[in-house]
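Numbering (the working numbering), first residue to last: 35 to 283.
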């Protein structure tokens with residue numbers, strides 16, 4: 035680039051176009067630790083008016099809730115970042131004063147309160163990056179935030195395909211890569227044979243009529259709730275973006 039008033043020439047480094055894809059909704063479990071979050075979700079849920087069968091109403095309401103959560107997340111994340119900066123500055127001022135004089139009881143109480151709030155914010159941050167990293171073998175609370183961040187960045191790089199060998203040639207065009215990926219899996223999962231093997235259930239052990247009736251009986255709400263409670267809330271979310279932690283609460 036040309037230099038104007040400086041005696042140094044500026045350098046512009048172009049790192050590629052980047053693939054600006056639509057960001058998909060993913061429920062973050064640390065939201066459950068924010069004060070008032072559950073009540074907020076409850077009030078939003080009651081605002082939604084949907085007509086139809088129960089499963090349709092549930093699906094539509096979950097979809098409507100996504101936008102509410104996205105907007106709330108943008109707002110609360112900004113507030114938490116600002117709050118963290120404010121607390122760190124307040125703590126630094128108190129520590130600076132402690133270097134020159136003895137702190138009063140009120141100042142010591144303020145310092146302890148600030149440390150507790152900072153610890154809560156740090157736990158939320160660690161929980162967030164732990165979920166993104168998908169390294170669930172390490173327990174939360176061991177100050178592994180930096181490690182979780184590195185693992186999350188590693189997953190992001192691993193999931194990115196910036197080049198592909200197609201018919202023996204290296205291709206970098208993103209649109210060509212996308213088209214060839216879709217075509218590859220379309221062929222992979224398309225059947226070449228239209229026949230199916232037949233099975234003749236001769237002398238096959240059968241369950242009793244009583245067992246059949248038990249298997250076909252309608253399941254109860256209590257059974258569903260028990261199954262949900264047994265699920266691991268930290269596992270990857272389903273297609274709707276919600277983790278099991280959301281449903282367990």
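Heads up, the beta-carbon is just placed ideally off N, CA and C, and yes, glycines get one too.
| Query | Result |
| --- | --- |
| Distance CB(residue 121)-CB(residue 152) smaller than 8 Å | yes |
| Element boundaries [alpha helix (DSSP H), containing residue 204] | Looking at the DSSP string, residue 204 is not in any alpha helix (DSSP H); the run it does join, the beta strand (DSSP E), is 203 to 205. |
| C-alpha distance - residue 140 paired with residue 281, whole-angstrom precision | 42 Å |
| Same chain, Cβ closer than 6 Å to residue 175, five either side skipped, listed in chain order | Confidence at residue 175 is low in this model, with a pLDDT of 48, below 50, so its placement is unreliable and the value that follows should be read with caution. Result list for residue 175: empty, nothing under 6 Å. |
| When 58, 72, 104 are compared against residue 279, the one with the closest alpha-carbon | 72 |
| DSSP state of residue 198 mapped onto helix, strand, coil | strand |
| Cα-Cα separation between residue 264 and residue 211, rounded to whole angstroms | 41 Å |
| Residue 61 burial status per 10 Å Cβ neighbour count (16 or more: buried) | buried |
| Cβ-Cβ separation, residue 145 to residue 128 (assumed contact under 8 Å), whole Å | 5 Å |
| Burial state of residue 147 (16 or more Cβ within 10 Å) | exposed |
| C-alpha gap between residue 333 and residue 250, whole angstroms | What is shown of the chain runs 35 to 283, which leaves residue 333 out entirely. |
| Reference residue 160, options 258, 63, 59, 260, closest by Cα | 63 |
| Inter-residue Cα distance where the pair is residue 271 and residue 198 | 29 Å |
| Distance between residue 219 and residue 80 (C-alpha atoms, nearest Å) | 42 Å |
| Close-in-space but distant-in-sequence residues of the same chain around residue 104 (CB under 8 Å, 5 per side omitted) | 59 |
| Own chain partners of residue 137 with C-beta closer than 8 Å, once the 5 adjacent residues on each side are dropped | 128, 131, 145 |
| Nearest candidate by alpha-carbon position, reference residue 94, set 84, 216, 102 | 84 |
| Closest by C-alpha distance to residue 158, when choosing among 78, 67, 276, 226 | 67 |
| Residue 237 to residue 204 span [Cα, whole Å] | 57 Å |
| Backbone secondary structure at residue 62 - three-state DSSP | coil |
| Residue interval of the alpha helix (DSSP H) (run including residue 230) | Taken as a continuous stretch (DSSP letters only), residue 230 belongs to no alpha helix (DSSP H), as it is neither H nor E. |
| Cα-Cα separation between residue 194 and residue 247, rounded to whole angstroms | 50 Å |
| Through-space distance from residue 126 to residue 299, alpha-carbon basis | Shown here, the chain extends from 35 to 283; a query on residue 299 therefore has no answer. |
| Residue 273 versus 135, 88, 65, 100, residue with shortest Cα-Cα distance | 100 |
| Minimum C-alpha distance to residue 123 - residue among 253, 107, 149, 109 | 149 |
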